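With the first letter of the sequence shown counted as 1, position 244 gets the number 264 in my numbering; the numbers rise by one all the way through.
Glycine included, every Cβ here is placed at the ideal spot set by N, Cα and C.
Being a predicted model, the structure only gives us computed values, none of them experimental.
Comments concern the structure below.
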Amino acid sequence: MHSGRTDVVDHGAPLGPGTGAPRGIDFGDRTYAVRFGRFSNLHRHRAVIVCGAIVVAILALGVVSLGYGTLALSPGEVLTALFDADASRAHRLVVFEWRLPRFLFAVLAGLALGASGAIFQSITRNPLGSPDIIGFSTGSYTGASIVMLWIGSTSYYAIGAGALLGGAAVAVVVYLLAYRKGLRPFRLIIVGIGASAMLASVNSLMMMRVSQEEAMLAAVWGSGSLSALGYAQLLPATLIFAALIVGCGFLGRPLAALEVGDDAALSLGVHANRTRAFSTLVGVALTALVTAAAGPIAFISLAAPQIARRLTNGASLQLLPSALVGALLLVAADLVAQMVDLPVGVLTVCVGGIYLAWLLVHEQVTKKGRQ
């Protein structure tokens, strides 16, 4: 078993005499080859820099978020409360017990939603192929609503199981309906949009069949909010997320190959249908993880992978940059939601609707330009 190591391959260095090529030719960006045992992956220099900058931005927003509230704290007071054991007990109570769990879950949920969006957009080879567009998020919402409204359970694990089963069931149905002598991405998206619309009607019907108190509880949860989350939800969600990240580690290269096409993927030793099935399971589980605790938070999965792709200037979607952009978007959205006193899910829907309209226009213009 080899120990983990990082090698640097400089594809952009100028070539000198005796190398067989004239000086000054640029063969691309510097690449870091990360190897750990039998597993290896390549990371471009620009992607590494972008990821580092996003992490710094998340931490900076975190300091601002931890200081915002009825008891306003300056960034210095927040850092003192975090790292100085002799800091004010009131400040440490506010930061550690009340505000830190919300920030950490915003990061965790953003990572999960960003990675999930990258997975489904790679599978469908379409920027519209995110779980909240093709119905998988709605299926998770329906499954969780059945647990809360019909079974009457508010346990995190029960709601999580319902969200996972609901999302998986919708994924199976959508795949079966979209499969016609092969799986075409555009057909999958259209079928998914139809399934999402039908499930939205089912969710409304369930709300009408229960008591007013239960309907109000489900409506508040369905708006998508991080305000009531604490360590009780954060700790199990972190463990589940860690297990899913291990699964994501096996998807990087197969998904990149799948974006080129099934035939090209097969020539590279990637089984297309098997990869889609495993990727769908991981993506639905990531979405269900967030839905079970905070309710449906839309459009993070849609926007994060495309923003990450433009920032890194990559030829294909990458899970890590997409996940980090998702975390940055959700942390920023939650901070703004606190300032305007709205659930973060309502804010992401408002902003995401604008982004979706721009994306549709951009895709149409791009297609006309290619023609």
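For my contact list, residue i and residue j are in at a C-beta cut-off of 8 Å; report their separation, rounded to the angstrom.
{"i": "Thr144", "j": "Pro205", "result": "4 Å"}
{"i": "Ile78", "j": "Gly155", "result": "Incorrect: roughly 30 Å between the Cβ atoms, too far for contact."}
{"i": "Leu355", "j": "Tyr161", "result": "The pair is not a contact, with the Cβ atoms about 24 Å apart (cut-off 8 Å)."}
{"i": "Ala191", "j": "Thr300", "result": "5 Å"}
{"i": "Phe123", "j": "Leu169", "result": "No, Phe123 and Leu169 are not in contact; Cβ-Cβ is about 30 Å, not under 8 Å."}
{"i": "Ala220", "j": "Met227", "result": "Not confirmed; about 11 Å, so no contact."}
How would you call residue i, buried or exposed, if buried means at least 16 neighbouring beta carbons within 10 angstroms?
{"i": "Gln232", "result": "exposed"}
{"i": "Trp241", "result": "buried"}
{"i": "Gly281", "result": "exposed"}
{"i": "Ala138", "result": "buried"}
{"i": "Cys370", "result": "exposed"}
{"i": "Ala297", "result": "exposed"}
{"i": "Phe47", "result": "Confidence at Phe47 is low in this model, with a pLDDT of 48, below 50, so the placement of that residue should be treated as unreliable; the coordinate-derived value is given next. Exposed is the call here."}
{"i": "Val385", "result": "exposed"}
{"i": "Tyr177", "result": "exposed"}
{"i": "Leu264", "result": "buried"}
{"i": "Pro341", "result": "buried"}
{"i": "Val76", "result": "exposed"}
{"i": "Val222", "result": "exposed"}
{"i": "Ser287", "result": "exposed"}
{"i": "Ile69", "result": "exposed"}
{"i": "Phe261", "result": "buried"}
{"i": "Leu225", "result": "exposed"}
{"i": "Val73", "result": "The amino acid occupying residue 73 in the given sequence is Ala; Val does not appear at that position. Per the 10 Å Cβ criterion, exposed."}
{"i": "Leu113", "result": "exposed"}
{"i": "Leu376", "result": "buried"}
{"i": "Pro42", "result": "The pLDDT assigned to Pro42 is 47, lower than 50, so where the model puts this residue is not dependable; a value taken from the coordinates is nonetheless given after this. Exposed, because fewer than 16 other Cβ atoms sit within 10 Å of the Cβ of Pro42."}
{"i": "Ala183", "result": "buried"}
{"i": "Ala328", "result": "buried"}
{"i": "Ile374", "result": "exposed"}
{"i": "Gly163", "result": "buried"}
{"i": "Ala257", "result": "buried"}
{"i": "Arg330", "result": "exposed"}
{"i": "Arg200", "result": "exposed"}
{"i": "Trp378", "result": "exposed"}
{"i": "Gly44", "result": "Low confidence applies here, because Gly44 scores a pLDDT of 46, under 50, leaving its location unreliable and the question unanswered by this model."}
Beta carbon of residue i, beta carbon of residue j: below 8 Å?
{"i": "Ser165", "j": "Ala238", "result": "yes"}
{"i": "Gly134", "j": "Ala324", "result": "yes"}
{"i": "Thr295", "j": "Leu278", "result": "yes"}
{"i": "Gly250", "j": "Phe319", "result": "no"}
{"i": "Ala347", "j": "Val364", "result": "no"}
{"i": "Ile209", "j": "Gly149", "result": "yes"}
{"i": "Gly267", "j": "Val290", "result": "no"}
{"i": "Leu246", "j": "Phe125", "result": "yes"}
{"i": "Gly82", "j": "Val345", "result": "no"}
{"i": "Val167", "j": "Ile153", "result": "no"}
{"i": "Gly244", "j": "Ala314", "result": "yes"}
{"i": "Ala188", "j": "Val304", "result": "yes"}
{"i": "Val115", "j": "Ala101", "result": "yes"}
{"i": "Ala67", "j": "Gly272", "result": "no"}
{"i": "Arg64", "j": "Thr332", "result": "yes"}
{"i": "Pro121", "j": "Ser136", "result": "no"}
Measure from the alpha carbon of residue i to the alpha carbon of each residue in the options, then state which is nearest.
{"i": "Leu309", "options": "Val98, Leu286, Leu185 and Trp118", "result": "Leu185"}
{"i": "Asp361", "options": "Thr90, Ala67, Ile260 and Ala73", "result": "Thr90"}
{"i": "Ala14", "options": "Leu339, Val211 and Gly267", "result": "This structure gives no information on residue 14, because the portion of the chain shown stretches from 21 to 391."}
{"i": "Leu197", "options": "Gly182, Tyr161 and Val211", "result": "Val211"}
{"i": "Leu447", "options": "Leu131, Val98 and Asn146", "result": "Summary: the structure shown does not reach residue 447, with the chain confined to residues 21 through 391, and so no result is reported for it."}
{"i": "Pro274", "options": "Pro256, Asn293 and Phe261", "result": "Asn293"}
{"i": "Leu254", "options": "Val98, Ser173, Arg64 and Ala129", "result": "Ala129"}
{"i": "His382", "options": "Pro147, Arg119 and Val98", "result": "Pro147"}
{"i": "Leu259", "options": "Leu306, Gln326, Met236 and Val115", "result": "Leu306"}
{"i": "Ala248", "options": "Glu117, Asp283 and Val84", "result": "Glu117"}
{"i": "Ala285", "options": "Tyr195, Ser142, Ala107 and Tyr375", "result": "Ser142"}
{"i": "Val127", "options": "Leu380, Leu379 and Ala343", "result": "Ala343"}
{"i": "Met359", "options": "Val84, Cys71 and Ala80", "result": "Val84"}
{"i": "Ala357", "options": "Arg200, Gly172, Val193 and Ile317", "result": "Ile317"}
{"i": "Ile171", "options": "Arg207, Val230 and Val194", "result": "Val230"}
{"i": "Ser94", "options": "Leu379, Val366 and Ala80", "result": "Ala80"}
{"i": "Arg119", "options": "Asp104, Val98, Ala107 and Ser108", "result": "Val98"}
Does the distance between the C-beta of residue i and the nearest non-hydrogen atom of the ligand PLP fall short of 7 Å?
{"i": "Leu219", "result": "Ligands are entirely absent from the displayed structure, and the ligand PLP is therefore not among its contents."}
Just checking: is the beta-carbon of residue i within a distance shorter than 8 Å of some beta-carbon in chain B?
{"i": "Val70", "result": "No chain B appears in this structure, which consists of one protein chain only."}
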